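Below: the structure, in structure tokens.
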Amino acid sequence: MKKTAIFGALTVAGLMAGAAGAATLDDVKARGKLNCGVSTGLAGFSNPDANGNWEGFDVAVCRAVAAAVLGDPQAVEFVPTTGKTRFTALASGEIDMLARNTTWTLSRDADLKFTFVGVNYYDGQGFMVPKELGVSSAKELDGATVCIQTGTTTELNLADFFRKNNMSYEPVPIETNAEAQQQYLAGACDVYTTDASGLASTRATFEDPSAHAVLPEIISKEPLGPLVRHGDDEWGDITRWTLNALVAAEELGITSANVAEMAASAGDNPEINRLLGTEGNLGEMLGLEADWAVKAISAGGNYGEIFESNIGESTPIGLARGLNAQWTDGGLIYSPPFR
Amino acid sequence: MSNTHADTVSYVRDTMLMQQDPPSTSVGVVGWARGNLFSGWFNTILTILSAAFVLWLLAGIVPWVVSPTWNASSLTECREILAGHEGACWGVIHERWNQLLFGFYPQELYWRPVLALVLLLIALGPILFADFVSPKILPFSAVYPFIGAWLLWGGTIWTPVMAALGFVVGYGVFVLAQRFIVPGLAFLAAVLAALVWWLVIMPFALPDLARLIPIGLEAVQSRQFGGFMLSITIGVTAILFSLPIGILLALGRRSDLPLVKWLCVGFIEFIRGVPLITLLFVASTLLNIFLPPGTNFDIILRVMIMVTLFASAYMAEVIRGGLAALPKGQYEGADSLGLDYWQAQRLIIMPQALKISIPGIVSTFIGVFKDTTLVSIISMFDPLGLANAIRADSAWNGIYWELFIFIGAVFFIFCFSMSRYSMYLERKLQTGHR
Amino acid sequence: MATLTDPPSESFKLSMLIYDTRYRSITFQVIALILFLTLIGWLINNTVQNLQDLGKEPSFGFMNQPAGYDINQTLIPYNSQDTHLRAAFVGILNTLLVAVMGCITATVVGVFVGVLRLSGNWLVARLMTVYVEIFRNVPVLMWIVLCMAILIESLPSPSDFRGDDPEATMSFFDTVAITNRGVYVPAVEFSRGLPALPVGNAFDLSLNFVVALLVLLGGIWASGAIRRRADAIQNSTGVRPRTWHLRVGVILIPLIAVLTILGFNLQYPELKGFNFGGGLYMRNSLIALWLALSLYTAAFVAEIVRAGIMAVSHGQTEAAAALGLRPRRVMSLVVLPQALRIIIPPLISQYLNLTKNSSLAIAVGYMDVTGTLMGITLNQTGRELETVLLGMLVYLTISLIISAVMNLYNSRVALVER
Numbered sequence: 001m002k003k004t005a006i007f008g009a010l011t012v013a014g015l016m017a018g019a020a021g022a023a024t025l026d027d028v029k030a031r032g033k034l035n036c037g038v039s040t041g042l043a044g045f046s047n048p049d050a051n052g053n054w055e056g057f058d059v060a061v062c063r064a065v066a067a068a069v070l071g072d073p074q075a076v077e078f079v080p081t082t083g084k085t086r087f088t089a090l091a092s093g094e095i096d097m098l099a100r101n102t103t104w105t106l107s108r109d110a111d112l113k114f115t116f117v118g119v120n121y122y123d124g125q126g127f128m129v130p131k132e133l134g135v136s137s138a139k140e141l142d143g144a145t146v147c148i149q150t151g152t153t154t155e156l157n158l159a160d161f162f163r164k165n166n167m168s169y170e171p172v173p174i175e176t177n178a179e180a181q182q183q184y185l186a187g188a189c190d191v192y193t194t195d196a197s198g199l200a201s202t203r204a205t206f207e208d209p210s211a212h213a214v215l216p217e218i219i220s221k222e223p224l225g226p227l228v229r230h231g232d233d234e235w236g237d238i239t240r241w242t243l244n245a246l247v248a249a250e251e252l253g254i255t256s257a258n259v260a261e262m263a264a265s266a267g268d269n270p271e272i273n274r275l276l277g278t279e280g281n282l283g284e285m286l287g288l289e290a291d292w293a294v295k296a297i298s299a300g301g302n303y304g305e306i307f308e309s310n311i312g313e314s315t316p317i318g319l320a321r322g323l324n325a326q327w328t329d330g331g332l333i334y335s336p337p338f339r
Numbered sequence: 001m002s003n004t005h006a007d008t009v010s011y012v013r014d015t016m017l018m019q020q021d022p023p024s025t026s027v028g029v030v031g032w033a034r035g036n037l038f039s040g041w042f043n044t045i046l047t048i049l050s051a052a053f054v055l056w057l058l059a060g061i062v063p064w065v066v067s068p069t070w071n072a073s074s075l076t077e078c079r080e081i082l083a084g085h086e087g088a089c090w091g092v093i094h095e096r097w098n099q100l101l102f103g104f105y106p107q108e109l110y111w112r113p114v115l116a117l118v119l120l121l122i123a124l125g126p127i128l129f130a131d132f133v134s135p136k137i138l139p140f141s142a143v144y145p146f147i148g149a150w151l152l153w154g155g156t157i158w159t160p161v162m163a164a165l166g167f168v169v170g171y172g173v174f175v176l177a178q179r180f181i182v183p184g185l186a187f188l189a190a191v192l193a194a195l196v197w198w199l200v201i202m203p204f205a206l207p208d209l210a211r212l213i214p215i216g217l218e219a220v221q222s223r224q225f226g227g228f229m230l231s232i233t234i235g236v237t238a239i240l241f242s243l244p245i246g247i248l249l250a251l252g253r254r255s256d257l258p259l260v261k262w263l264c265v266g267f268i269e270f271i272r273g274v275p276l277i278t279l280l281f282v283a284s285t286l287l288n289i290f291l292p293p294g295t296n297f298d299i300i301l302r303v304m305i306m307v308t309l310f311a312s313a314y315m316a317e318v319i320r321g322g323l324a325a326l327p328k329g330q331y332e333g334a335d336s337l338g339l340d341y342w343q344a345q346r347l348i349i350m351p352q353a354l355k356i357s358i359p360g361i362v363s364t365f366i367g368v369f370k371d372t373t374l375v376s377i378i379s380m381f382d383p384l385g386l387a388n389a390i391r392a393d394s395a396w397n398g399i400y401w402e403l404f405i406f407i408g409a410v411f412f413i414f415c416f417s418m419s420r421y422s423m424y425l426e427r428k429l430q431t432g433h434r
Numbered sequence: 001m002a003t004l005t006d007p008p009s010e011s012f013k014l015s016m017l018i019y020d021t022r023y024r025s026i027t028f029q030v031i032a033l034i035l036f037l038t039l040i041g042w043l044i045n046n047t048v049q050n051l052q053d054l055g056k057e058p059s060f061g062f063m064n065q066p067a068g069y070d071i072n073q074t075l076i077p078y079n080s081q082d083t084h085l086r087a088a089f090v091g092i093l094n095t096l097l098v099a100v101m102g103c104i105t106a107t108v109v110g111v112f113v114g115v116l117r118l119s120g121n122w123l124v125a126r127l128m129t130v131y132v133e134i135f136r137n138v139p140v141l142m143w144i145v146l147c148m149a150i151l152i153e154s155l156p157s158p159s160d161f162r163g164d165d166p167e168a169t170m171s172f173f174d175t176v177a178i179t180n181r182g183v184y185v186p187a188v189e190f191s192r193g194l195p196a197l198p199v200g201n202a203f204d205l206s207l208n209f210v211v212a213l214l215v216l217l218g219g220i221w222a223s224g225a226i227r228r229r230a231d232a233i234q235n236s237t238g239v240r241p242r243t244w245h246l247r248v249g250v251i252l253i254p255l256i257a258v259l260t261i262l263g264f265n266l267q268y269p270e271l272k273g274f275n276f277g278g279g280l281y282m283r284n285s286l287i288a289l290w291l292a293l294s295l296y297t298a299a300f301v302a303e304i305v306r307a308g309i310m311a312v313s314h315g316q317t318e319a320a321a322a323l324g325l326r327p328r329r330v331m332s333l334v335v336l337p338q339a340l341r342i343i344i345p346p347l348i349s350q351y352l353n354l355t356k357n358s359s360l361a362i363a364v365g366y367m368d369v370t371g372t373l374m375g376i377t378l379n380q381t382g383r384e385l386e387t388v389l390l391g392m393l394v395y396l397t398i399s400l401i402i403s404a405v406m407n408l409y410n411s412r413v414a415l416v417e418r
């Protein structure tokens with residue numbers, strides 16, 4: 001009898017949780033919360049603090065979308081995912097969007113049936129070595145023991161790189177960044193390879209960061225971005241343009257400090273007006289309120305502010321903008337026009 | 001004879017000698033040490049070697065453990081306090097104490113899981129401490145699952161009440177139907193009635209009831225569960241639900257009906273043949289695919305289902321052992337009284353079999369409780385998962401031993417006391433034999 | 001006189017399906033079958049429906065695609081261009097390797113500890129109790145992680161071996177290098193060896209080892225034959241001929257001869273480039289997993305052994321002594337055979353547990369079948385259904401084989417009840 005009770009209760013729970021239908025926007029609004037998949041813990045990108053509040057660069061993207069859709073940047077349920085569970089969680093509708101430094105690749109787009117809505121961080125796989133090893137180029141790593149974080153594209157890039165250069169290596173696969181860091185520091189591997197941003201943030205927390213060097217070679221392109229399920233283009237549009245709004249806001253000089261003031265009345269710049277909803281009806285086209293972008297920007301600031309406060313040079317992570325500078329500053333961050 | 005004796009022996013003692021104290025080397029500390037530590041050269045060497053080993057271990061660990069870093073708020077601060085000395089950085093435990101115990105459970109609601117735990121102990125009292133707790137509170141034990149779940153998850157009170165009413169409905173139907181048809185079919189009817197109640201009536205009535213009579217606690221998402229609370233919740237739920245399933249499986253395995261028997265054997269052997277981690281992969285990646293399209297409930301519930309299935313296979317084997325240990329006379333006695341199968345099980349077999357199975361059930365619980373650490377591999381924040389998340393915080397990046405030692409120590413305290421309890425039970429139950 | 005009438009000829013009525021015990025069991029089984037089939041059908045139907053919605057077609061075709069990733073410990077040749085299937089096979093072999101190693105060590109340590117717990121030496125017995133309780137009551141996953149951490153933190157890294165005044169040196173007369181990446185031991189090499197024999201496409205069989213093994217087995221058989229002949233002579237004449245030198249010689253001489261012909265020598269590890277080169281390399285992940293699994297399981301085995309020995313009643317020992325048996329013979333002829341009967345069944349389930357616990361290898365990055373098939377392959381191809389089901393099938397097969405073999409052994413030592 002109790003056995004059936006479980007199934008009964010579960011089915012009820014299933015019914016109550018609501019079907020993951022096509023209209024994600026309606027689901028999110030009905031629920032009043034955005035379910036956002038993040039990494040279980042990656043310094044600077046997403047990790048819970050002592051009070052259980054999530055913070056980080058990827059987390060800020062989730063909060064911006066929640067602010068745009070629901071008007072409240074706190075209305076997010078963060079669902080921690082691993083490399084293994086992230087795609088299933090998204091495909092099954094457990095999460096509405098995935099913001100977990102996921103590399104945009106063709107097979108993930110076409111075969112796994114996801115839509116990448118943009119790139120919030122341009123990354124590439126690099127190598128970190130202790131300076132005392134005397135290595136100055138990744139081409140000198142023949143025979144080295146390499147720590148890699150599993151569950152990503154990293155191990156494939158690594159295999160390709162060493163095969164292309166006809167070198168041998170000893171891979172040490174490791175589940176989490178924290179374990180990898182420990183093994184690397186103890187000398188259990190000569191080299192640590194992961195995305196360059198991860199290397200920089202890991203190096204920043206060392207007791208003596210100056211004893212370690214990141215090699216100049218970047219062996220892969222890793223455009224990291226949020227993604228949603230195939231088949232719900234309205235929802236895809238909302239996340240895509242929320243991200244674009246953050247980027248455009250930086251380009252147009254809109255910050256969390258002045259956004260309220262600028263949105264109060266239409267100004268001279270028509271693009272700012274359209275973005276902030278004081279002119280035109282872009283919000284309505286997305287199925288959102290007119291001031292959606294204002295809320296998204298005031299949630300955590302524009303792209304540049306989010307970058308600076310989570311992973312920028314003033315933080316322990318200390319990443320330079322580099323490729324992630326605005327296109328006007330020679331970077332790749334570029335938003336299509338708001339019109 | 002006596003004459004010769006008198007001739008040859010000049011003195012005969014006619015009183016007993018006073019008993020002498022044993023030599024000082026064979027009593028007291030010295031005697032004990034000689035008997036237990038230094039009896040023979042081999043034992044002496046063993047003793048010296050082990051003592052040296054223990055001292056070496058303590059010399060290595062104690063200075064590290066005693067470290068004045070309780071109030072540090074980051075690893076760098078610890079390093080400053082220690083100023084180059086080796087030592088633990090206990091600040092991380094101090095700062096993340098609540099998180100390690102309760103995960104992300106809202107801080108102002110901590111009383112709820114604590115109360116649920118206290119009530120759990122009370123509810124288990126009549127079963128585990130039958131000597132001290134009156135069986136009068138058994139009805140409370142029966143409703144505890146609903147109270148406990150309500151305390152943990154919150155929400156409207158009507159969900160647990162309606163769920164409990166489902167059982168009442170089922171029982172009512174069973175009693176009624178039994179007058180007309182055989183118990184087996186009556187049972188089937190009862191199950192159907194309960195299912196109708198849960199699946200049809202409850203979803204309709206619940207929102208209205210909740211609106212009309214809004215009694216309830218603040219709802220807490222199961223995603224916010226974490227730390228030891230999560231381990232205990234998963235472990236207790238799994239054992240609670242696996243008990244009835246395990247009983248059915250054990251009876252099925254001993255059944256005369258070949259089909260039922262082979263289905264049960266197949267299920268038990270399958271679950272026992274695969275590692276728990278693969279079942280957790282099923283929970284995290286496949287369960288949503290197996291259930292009707294659109295069904296979607298969160299990962300903790302899915303994990304609870306899989307751990308319950310896992311535990312029920314082991315539970316079935318424990319109970320089968322209990323059934324096998326019953327003397328055959330009990331079965332024959334029940335038959336001779338004219339009891340049918342279910343009556344015999346309910347009135348004679350199960351009460352005895354379950355009683356001898358309790359130590360086994362406690363060991364199964366210890367195993368399941370330890371195995372809950374595996375959920376960290378599928379991205380859940382049990383204590384080990386939290387340790388990884390904490391180490392991702394830049395303040396504590398690079399910390400290692402302190403968290404693991406703390407978590408290990410807590411697990412040890414829980415499991416050790418439970419295993420001692422189960423040994424006590426075993427001794428208590430054994431008095432009748434031999 | 002009333003004559004016995006035939007029982008009323010029964011015509012089958014529908015109600016008999018429920019009320020007649022002869023038919024009722026069939027009714028219930030049919031109901032159970034229908035319910036079971038419905039459940040299976042429901043699950044399959046859901047799965048098909050869901051996969052259709054996701055646009056995925058269940059197929060195992062991906063297993064023949066190139067895997068694209070490297071595996072560090074491979075018992076059979078493998079490179080990143082081999083298929084996912086071969087990667088899974090490499091993983092299975094790694095699982096089996098650590099399981100077999102773990103079972104052996106766990107048994108040895110467990111028996112040792114179990115006997116010592118009964119020792120008269122108070123300190124030793126207590127120490128063993130502490131060991132058993134600490135290891136039994138802390139999750140095995142923690143032990144695996146801790147063992148790895150201890151190996152990494154406490155052992156020297158290869159760079160410590162470098163330089164004129166190195167911080168660390170090789171052990172055992174410069175033949176073994178113990179580092180925090182693993183242990184390098186001398187490897188066996190045949191300078192005039194026979195060619196390797198490819199078995200299918202799967203792996204190469206080293207003929208050298210086969211020949212050496214065959215010679216060794218032949219020697220052991222010959223030695224056995226000499227012993228049997230000695231037994232026969234002793235039985236007929238009462239005098240046992242001295243044969244030990246013959247028996248040792250018949251094993252050793254052909255073996256040494258064959259090894260010399262094949263050019264047997266040891267290849268020692270030496271520091272080359274970033275790592276040690278040459279020799280046999282046991283990786284840290286393997287050692288940590290092996291150590292943790294063995295020590296954890298040994299704690300349970302120790303309890304089983306202790307219980308087994310204590311369960312043999314004291315009267316048996318005394319009776320054996322009364323028969324004039326010496327203590328060693330009392331142990332080997334009376335106590336152990338009886339204790340073994342109690343020990344074997346729970347020991348089997350400990351072996352099974354160890355094998356299943358080896359799936360926690362991913363915590364230390366040991367590439368077993370969970371790490372390859374249900375790890376990287378799953379991540380790279382996104383085929384959750386196929387990989388997880390295959391992985392479960394692998395473990396199920398291993399478990400069933402172990403329990404079948406051990407049950408066979410158990411039925412041979414089991415008490416024949418009258």
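Line by line, the protein sequences are chains S, Y and D.
First residue of the first sequence? That's 1 in full-length UniProt numbering, and the numbers climb one at a time after it.
First residue of the second sequence? That's 1 in full-length UniProt numbering, and the numbers climb one at a time after it.
First residue of the third sequence? That's 1 in full-length UniProt numbering, and the numbers climb one at a time after it.
For glycine and all other residues, C-beta sits at the position ideal for the given N, C-alpha and C.
Note that this is a predicted model, so its numbers are computed, not measured.
If I measure Cβ to Cβ from residue i and keep anything under 7 Å in the same chain, skipping five residues before and after, which residues do I get?
i, result
"Q326 of chain S", "E250, E251, I333"
Quick one: residues in its chain with C-beta nearer than 8 Å to the C-beta of residue i, no 5 flanking neighbours on either side, listed in chain order?
i, result
"L51 of chain D", "E57, P58, L385"
"G21 of chain S", "In this prediction, G21 of chain S has a pLDDT of 45, which is less than 50 and means its spatial position is unreliable; what the coordinates show is noted afterwards. Within the same chain, G21 of chain S has close Cβ partners D27."
Bridge partners for residue i per DSSP, in chain order?
i, result
"H84 of chain D", "None, per the DSSP bridge assignment."
Pop quiz: residue i and residue j are said to be a contact at Cβ under 8 Å. What is the actual Cβ separation, rounded to whole angstroms?
i, j, result
"G103 of chain Y", "Q224 of chain Y", "6 Å"
**Asked** Does the region 367-377 of chain Y come within contact of the region 305-320 of chain Y, defined as at least 3 CB pairs closer than 8 Å?
**Response** Touching, per the Cβ criterion.
**Prompt:** Are the region 180-200 of chain D and the region 275-288 of chain D touching, with three or more C-beta to C-beta distances below 8 Å?
**Reply:** The region 180-200 of chain D and the region 275-288 of chain D touch, with no fewer than 3 CB-CB distances between them shorter than 8 Å.
**Asked** Do the region 311-318 of chain D and the region 334-343 of chain D touch if we need at least three Cβ pairs shorter than 8 Å?
**Response** Because the criterion of three Cβ pairs below 8 Å is met, the region 311-318 of chain D and the region 334-343 of chain D touch.
**Asked** What residues in the region 55-77 of chain S have a beta carbon less than 8 Å from any beta carbon of chain Y?
**Response** Residues E77.
**Message:** Across the region 219-226 of chain S and the region 100-110 of chain S, are there enough close Cβ pairs to call them in contact, namely three or more that are closer than 8 Å?
**Reply:** The region 219-226 of chain S and the region 100-110 of chain S touch, with no fewer than 3 CB-CB distances between them shorter than 8 Å.
**Request:** Evaluate the contact criterion for the region 46-54 of chain S versus the region 179-193 of chain S: three or more CB pairs, one atom per stretch, below 8 Å.
**Result:** The region 46-54 of chain S, when compared against the region 179-193 of chain S, does not touch it at the 8 Å Cβ threshold.
**Item:** Validate contact between the region 138-148 of chain S and the region 266-279 of chain S using beta carbons, cut 8 Å, 3 pairs
**Value:** Fewer than three Cβ pairs drawn from the region 138-148 of chain S and the region 266-279 of chain S lie within less than 8 Å of each other, which leaves the two stretches out of contact.
**Asked** Would you say the region 283-293 of chain Y touches the region 247-260 of chain Y, given that touching needs at least three Cβ pairs under 8 Å?
**Response** In short, these stretches do not touch, since the Cβ pair count stays below three.
**Contacting positions in the region 40-54 of chain S - beta carbon closer than 7 Å to chain Y** = Taken in chain order, the members of the region 40-54 of chain S whose beta-carbon sits within less than 7 Å of a beta-carbon on chain Y are T40, G41, L42, A43, N47, P48, D49, A50, G52.
**Asked** Between the region 149-160 of chain D and the region 187-206 of chain S, are three or more C-beta pairs nearer than 8 Å?
**Response** Touching, yes, given that three or more Cβ pairs across the two stretches are closer than 8 Å.
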